[in-house]
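All you need for this note's numbering is the position in the sequence shown, starting with 1, plus 168. Glycine residues also receive a C-beta, built at the ideal position from the N, C-alpha and C atoms.
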Amino acid sequence: MPAAKNEVFGPVCCIIKADSEDDAVRIANDTEYGLSGSVFTTDLYHGIQVAKRIEPGMAHVNDQPINDEPHVMFGGEKASGIGRFNAQWVVDKFTTQKWVSVQTEYRF
Numbered sequence: 169m170p171a172a173k174n175e176v177f178g179p180v181c182c183i184i185k186a187d188s189e190d191d192a193v194r195i196a197n198d199t200e201y202g203l204s205g206s207v208f209t210t211d212l213y214h215g216i217q218v219a220k221r222i223e224p225g226m227a228h229v230n231d232q233p234i235n236d237e238p239h240v241m242f243g244g245e246k247a248s249g250i251g252r253f254n255a256q257w258v259v260d261k262f263t264t265q266k267w268v269s270v271q272t273e274y275r276f
């Protein structure tokens with residue numbers, strides 16, 4: 169369905185039945201987009217393992233797919249976004265450090 173294949177910014181929920189966990193991961197990754205995703209489970213450790221297998225820029229376990237916190241980088245993968253922003257991470261990416269020293273007297 170088009171809503172499942174496109175990046176929709178609105179209150180839309182597409183439900184696609186998967187035959188297995190591997191099939192669910194394949195379906196989740198079968199898109200040109202990858203801003204954010206969620207995994208819902210009663211087994212948190214296993215949810216983290218599945219979240220590592222899907223390909224969005226942000227993956228959440230038992231939470232909504234979009235969270236924007238200023239201390240954590242925010243951004244997508246594939247055709248979703250053009251990089252990351254927020255936190256010290258972004259300051260480091262956009263900063264070039266340079267040392268400038270001035271010697272006012274002759275050095276012996």
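- With respect to the 9 Å criterion, phenylalanine 208 and asparagine 230 are classified as neighbours on the basis of their beta carbons.
- Rounded to whole angstroms, leucine 212 and glutamine 271 show a C-alpha spacing of 58 Å.
- The alpha carbon of aspartate 260 has as its nearest neighbour, out of Met241, His214, Glu237 and Glu273, the alpha carbon of Met241.
- Per DSSP, histidine 214 has no beta bridge partner at all.
- Within the same chain, and ignoring the five residues on either side of glutamate 245 in sequence, the residues whose Cβ sits closer than 7 Å to its Cβ are Gly202, Glu223, Pro224 and Gly225.
- Contact check for valine 218 and glutamate 189: beta-carbon distance about 7 Å, within the 8 Å limit, so the pair qualifies.
- Here methionine 226 is bridged, per DSSP, to Ser204.
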